[in-house]
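Asks: Top to bottom, those sequences are chains S and U.
Residue 0 is where the first sequence starts when you use numbering that gives the first Met the number 0, and the numbers rise one by one after that.
Residue 0 is where the second sequence starts when you use numbering that gives the first Met the number 0, and the numbers rise one by one after that.
By construction, the Cβ of each residue, glycine as well, lies at the ideal position given by its N, Cα and C atoms.
Please read these numbers as outputs of a predicted model, since none were measured by experiment.
Protein chains: 2
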Amino acid sequence: MVQRIRSALGGGFEALGLRDDAAVLAVPGTASPLVASVDSVVEGVHFDLALSSVTDVGWKALMSALSDLAAMGASPLGALVALCVPDLVVGADTAVGVMEGVAEAAAAAGCPVAGGDVSESDALVVSVTVLGTVASGAPVARSGASAGDVLFVTGACGGSAAGLRQLRSGPGVGVVENVRRHRRPVARLAEGRLAQAQGAHAMIDVSDGLALDLHRLADASGIGFALDAVPVAEGASLEEALGGGEDYELLMAVGAEGAEALASAFEVAGLAAPLRIGVAGATAATRTLEGRPLGRLGWQHGGDHPTG
Amino acid sequence: MVQRIRSALGGGFEALGLRDDAAVLAVPGTASPLVASVDSVVEGVHFDLALSSVTDVGWKALMSALSDLAAMGASPLGALVALCVPDLVVGADTAVGVMEGVAEAAAAAGCPVAGGDVSESDALVVSVTVLGTVASGAPVARSGASAGDVLFVTGACGGSAAGLRQLRSGPGVGVVENVRRHRRPVARLAEGRLAQAQGAHAMIDVSDGLALDLHRLADASGIGFALDAVPVAEGASLEEALGGGEDYELLMAVGAEGAEALASAFEVAGLAAPLRIGVAGATAATRTLEGRPLGRLGWQHGGDHPTG
Numbered sequence: 000m001v002q003r004i005r006s007a008l009g010g011g012f013e014a015l016g017l018r019d020d021a022a023v024l025a026v027p028g029t030a031s032p033l034v035a036s037v038d039s040v041v042e043g044v045h046f047d048l049a050l051s052s053v054t055d056v057g058w059k060a061l062m063s064a065l066s067d068l069a070a071m072g073a074s075p076l077g078a079l080v081a082l083c084v085p086d087l088v089v090g091a092d093t094a095v096g097v098m099e100g101v102a103e104a105a106a107a108a109g110c111p112v113a114g115g116d117v118s119e120s121d122a123l124v125v126s127v128t129v130l131g132t133v134a135s136g137a138p139v140a141r142s143g144a145s146a147g148d149v150l151f152v153t154g155a156c157g158g159s160a161a162g163l164r165q166l167r168s169g170p171g172v173g174v175v176e177n178v179r180r181h182r183r184p185v186a187r188l189a190e191g192r193l194a195q196a197q198g199a200h201a202m203i204d205v206s207d208g209l210a211l212d213l214h215r216l217a218d219a220s221g222i223g224f225a226l227d228a229v230p231v232a233e234g235a236s237l238e239e240a241l242g243g244g245e246d247y248e249l250l251m252a253v254g255a256e257g258a259e260a261l262a263s264a265f266e267v268a269g270l271a272a273p274l275r276i277g278v279a280g281a282t283a284a285t286r287t288l289e290g291r292p293l294g295r296l297g298w299q300h301g302g303d304h305p306t307g
Numbered sequence: 000m001v002q003r004i005r006s007a008l009g010g011g012f013e014a015l016g017l018r019d020d021a022a023v024l025a026v027p028g029t030a031s032p033l034v035a036s037v038d039s040v041v042e043g044v045h046f047d048l049a050l051s052s053v054t055d056v057g058w059k060a061l062m063s064a065l066s067d068l069a070a071m072g073a074s075p076l077g078a079l080v081a082l083c084v085p086d087l088v089v090g091a092d093t094a095v096g097v098m099e100g101v102a103e104a105a106a107a108a109g110c111p112v113a114g115g116d117v118s119e120s121d122a123l124v125v126s127v128t129v130l131g132t133v134a135s136g137a138p139v140a141r142s143g144a145s146a147g148d149v150l151f152v153t154g155a156c157g158g159s160a161a162g163l164r165q166l167r168s169g170p171g172v173g174v175v176e177n178v179r180r181h182r183r184p185v186a187r188l189a190e191g192r193l194a195q196a197q198g199a200h201a202m203i204d205v206s207d208g209l210a211l212d213l214h215r216l217a218d219a220s221g222i223g224f225a226l227d228a229v230p231v232a233e234g235a236s237l238e239e240a241l242g243g244g245e246d247y248e249l250l251m252a253v254g255a256e257g258a259e260a261l262a263s264a265f266e267v268a269g270l271a272a273p274l275r276i277g278v279a280g281a282t283a284a285t286r287t288l289e290g291r292p293l294g295r296l297g298w299q300h301g302g303d304h305p306t307g
């Protein structure tokens with residue numbers, strides 16, 4: 000479907016969640032382009048109000064949108080929030096709760112909420128548009144990786160999926176930190192900015208699963224990859240780390256000569272060291288974990304079906 | 000509810016469909032601010048697929064968002080579209096149809112669609128974010144009108160409401176042009192730009208009804224008004240012109256000394272002459288049409304109730 004929509008829109012529609020995490024718009028009279036992204040979360044599809052509060056939903060809606068800016072190396076200018084609630088009178092508490100969560104995340108990320116819109120709808124839908132810029136140079140695309148690049152991830156994966164599993168299993172099960180990762184993820188804005196400033200070749204955020212998002216980066220760049228390690232969050236399984244999604248860690252391809260400098264820059268900035276997971280290869284068809292083919296594990300959108 | 004949401008968000012949330020048509024964001028390193036607005040349209044609330052095609056829905060969703068830019072005097076840089084469709088497989092034709100309408104409106108308005116997102120949801124929801132800038136000077140707010148200003152509207156009102164009434168009455172009834180106005184409204188971008196360049200004091204677009212939107216401009220500016228004429232679209236009633244909404248004409252307050260120059264500038268640009276409807280008054284409580292108090296006729300959002 001996404002291909003049909005792109006074809007309906009002609010060449011103008013460059014960023015429907017596939018090509019890059021965010022759209023890049025030139026602004027007349029300025030050198031630095033605008034980076035913009037929109038994401039919707041829908042009750043029953045993206046969240047379950049039995050497992051997360053409406054405030055958590057608002058937090059996560061803004062952070063997942065900001066994660067797209069992080070993956071371009073952009074800093075947020077502001078956000079706009081379009082809220083659909085089932086009933087404007089009965090749903091007032093819901094709307095206010097969601098916006099409180101948005102406000103908490105906005106304060107944490109330094110992203111003012113500049114505008115919004117509230118409508119009635121059958122389902123609770125939160126659509127967040129975020130706008131940002133890069134300080135200098137170009138935003139980082141998915142497509143810039145080349146053979147020999149070192150692949151890093153900013154943190155262990157699978158925590159969010161493990162947290163969701165724990166919530167479904169009932170109270171007291173598993174690692175508390177993973178429940179927080181599921182309900183209150185944090186966009187890696189500082190890490191993304193630093194990687195952009197250090198000349199990272201390509202980035203993507205881990206929203207649908209480390210394996211699937213790495214395949215997408217590899218597709219866009221025309222490369223293969225050989226992973227030798229996958230950092231798994233405590234309490235999570237390898238499958239959750241590869242296919243769980245919603246970790247919002249950043250996956251980075253960095254030139255081999257710049258890998259050391261990136262790690263140093265992270266250390267100087269007080270950020271956790273990026274975790275080396277493997278290297279990019281020249282043969283696009285060769286994509287492995289510890290020597291074995293790695294499938295496209297993860298959450299597929301838009302009528303695509305998992306092939307992994 | 001909107002007040003509670005604004006209070007949850009503190010001072011940062013300046014443009015929740017009330018204060019101005021669009022948010023204004025400063026961009027570091029540039030003099031000209033970014034103008035941004037988001038609008039959602041929801042099946043069963045804002046449109047009826049028995050009366051409009053999905054392509055019409057897409058057209059109108061983009062144009063109504065662009066109308067918010069027009070009301071600030073801004074030119075569009077681009078749009079992002081978040082689409083929620085009831086089923087990603089069955090709904091694929093719907094999604095493509097909506098995006099074709101968006102693409103047609105985007106081409107007509109010169110606003111590239113730069114990004115988007117497609118999700119599943121119980122209801123069809125189209126959320127459009129538009130971004131724009133003004134060539135020089137500041138965007139036009141709702142709040143700048145003062146006593147003695149001349150009030151103009153860019154065209155006759157009520158056509159969209161009359162068109163909706165005609166569609167509900169069945170085929171062959173009424174003025175065909177009004178059906179087009181209902182299904183395929185046009186944002187007054189050129190008119191808004193010109194009014195901004197000519198120093199219009201305040202603007203708002205007629206989205207919820209000429210009377211209600213004029214009251215909003217008057218509230219924001221702390222003025223009253225005396226209308227001596229309301230231009231009614233052919234086939235529409237006076238009530239439809241005052242309270243029908245969705246005309247997307249611009250309502251402008253212009254200094255008395257600049258009114259002549261505005262009309263000339265419109266003529267030179269080949270635009271239809273702005274229609275003088277009255278003047279702004281110093282007493283905020285005095286708001287009249289032909290000497291009689293004019294109520295807040297129009298479509299009220301967010302749990303407010305009509306008082307007119």
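Using a C-beta cutoff of 7 Å, does U/Ala196 count as contacting chain S?
Replies: no
Asks: Indicate whether at least one CB of chain S lies closer than 7 Å to the CB of U/Ala64.
Replies: No, its Cβ sits nowhere closer than 7 Å to a Cβ of chain S.
Asks: Which residues in the same chain as S/Gly173 place their Cβ atom closer than 7 Å to its Cβ, once the five residues preceding and following it in sequence are excluded?
Replies: Ala161, Gln165 and Gly234
Asks: Buried or exposed: where does S/Ala268 fall if 16 or more other Cβ atoms within 10 Å of its Cβ makes it buried?
Replies: exposed
Asks: Would S/Thr29 and U/Thr282 be called neighbours here (beta carbons separated by less than 7 Å)?
Replies: For the pair S/Thr29 and U/Thr282, the CB atoms are not nearer than the 7 Å cut-off.
Asks: Starting from U/Met202, trace the beta strand (DSSP E) in both directions and tell me its first and last residue.
Replies: For U/Met202, the uninterrupted beta strand (DSSP E) run begins and ends at Ala201 to Asp204, by DSSP.
Asks: By how many angstroms is the C-alpha of U/His200 removed from the C-alpha of U/Gly158?
Replies: 27 Å
Asks: Taking the runs of the beta strand (DSSP E) that are 3 residues or longer, which of them lie wholly in the region 99 to 131 of chain S?
Replies: 112 to 119
Asks: For U/Phe265, report the span of its alpha helix (DSSP H) as first-last.
Replies: Ala258 to Val267
Asks: Residue range of the beta strand (DSSP E) that S/Met251 falls in?
Replies: It spans Leu249 to Val253 - the beta strand (DSSP E) in which S/Met251 sits, taken as one unbroken run.
Asks: Inspect the beta-carbon positions of S/Ala255 and S/Val149 and report whether they are closer than 7 Å.
Replies: yes
Asks: With respect to the alpha helix (DSSP H) encompassing S/Gly169, which residues constitute its N-terminal and C-terminal limits?
Replies: Here S/Gly169 belongs to no alpha helix (DSSP H), and DSSP marks it neither H nor E.
Asks: List, in chain order, every chain U residue whose beta-carbon is nearer than 8 Å to that of S/Asp38.
Replies: Ala81 and Asp116
Asks: Just verifying my parser: in three-state terms, what is the DSSP assignment at U/Ser135?
Replies: coil
Asks: Under 7 Å, CB to CB, which of the residues in the region 117 to 146 of chain U have a partner in chain S?
Replies: Val117, Ser118, Glu119, Ser120, Asp121, Ala122, Val124, Ser126, Thr128, Leu130 and Thr132
Asks: Give the secondary structure of S/Arg3 by DSSP, where H, G and I count as helix, E and B as strand, and everything else as coil.
Replies: helix
Asks: Give me whichever residues DSSP pairs with S/Val40 in a beta bridge.
Replies: S/Val125
Asks: Considering only their Cβ atoms, is the gap separating S/Ala69 from S/Leu250 smaller than 7 Å?
Replies: no
Asks: If I measure Cβ to Cβ from S/Ala232 and keep anything under 6 Å in the same chain, skipping five residues before and after, which residues do I get?
Replies: Ala155, Gly157 and Gly158
Asks: Should S/Val253 and S/Met202 be called a contact, given that it needs their Cβ atoms to be closer than 7 Å?
Replies: Between S/Val253 and S/Met202, the C-beta gap is not smaller than 7 Å, which leaves the two residues out of contact.
Asks: Take the Cβ of S/Ser120 as the centre, count every other Cβ of all protein chains shown within 10 Å, and call the residue buried at 16 or more, exposed below.
Replies: buried
Asks: Less than 7 Å between the beta carbons of U/Val129 and U/Pro184, yes or no?
Replies: It is not a contact, given that the beta carbons lie outside the stated cut-off.
Asks: Where do the ends of the alpha helix (DSSP H) carrying U/Thr287 lie?
Replies: From DSSP, U/Thr287 is part of no alpha helix (DSSP H) but of the beta strand (DSSP E) over Arg286 to Leu288.
Asks: Nearest-angstrom Cα distance between S/Ala260 and U/Met71?
Replies: Per the coordinates, the alpha-carbon of S/Ala260 lies some 46 Å from the alpha-carbon of U/Met71.
Asks: Quick check on U/Pro292: buried or exposed, where buried means 16 or more other Cβ atoms within 10 Å of its Cβ?
Replies: By the beta-carbon neighbour count (other beta carbons within 10 angstroms, threshold 16), U/Pro292 is exposed.
Asks: Should S/Arg167 be labelled buried (16 or more other beta-carbon atoms within 10 Å of its own) or exposed?
Replies: exposed
Asks: Pull up the distance between the alpha-carbon of U/Ala217 and that of U/Phe224, whole angstroms please.
Replies: 7 Å
Asks: Residues in its own chain within less than 6 Å of S/His214 by CB, not counting five upstream and five downstream?
Replies: These residues qualify, in order along the chain: Arg295.
Asks: Check whether the Cβ atoms of S/Ser31 and S/Asp67 lie closer than 7 Å to each other.
Replies: Taking 7 Å as the Cβ cut-off, S/Ser31 and S/Asp67 do not qualify as a contacting pair.
Asks: Determine which residues share a DSSP beta bridge with S/Ala35 and list them.
Replies: S/Ala22 and S/Leu130
Asks: Which residues does DSSP pair with S/Val84 in a beta bridge?
Replies: The partner list for S/Val84 (beta bridge, DSSP) reads S/Glu119.
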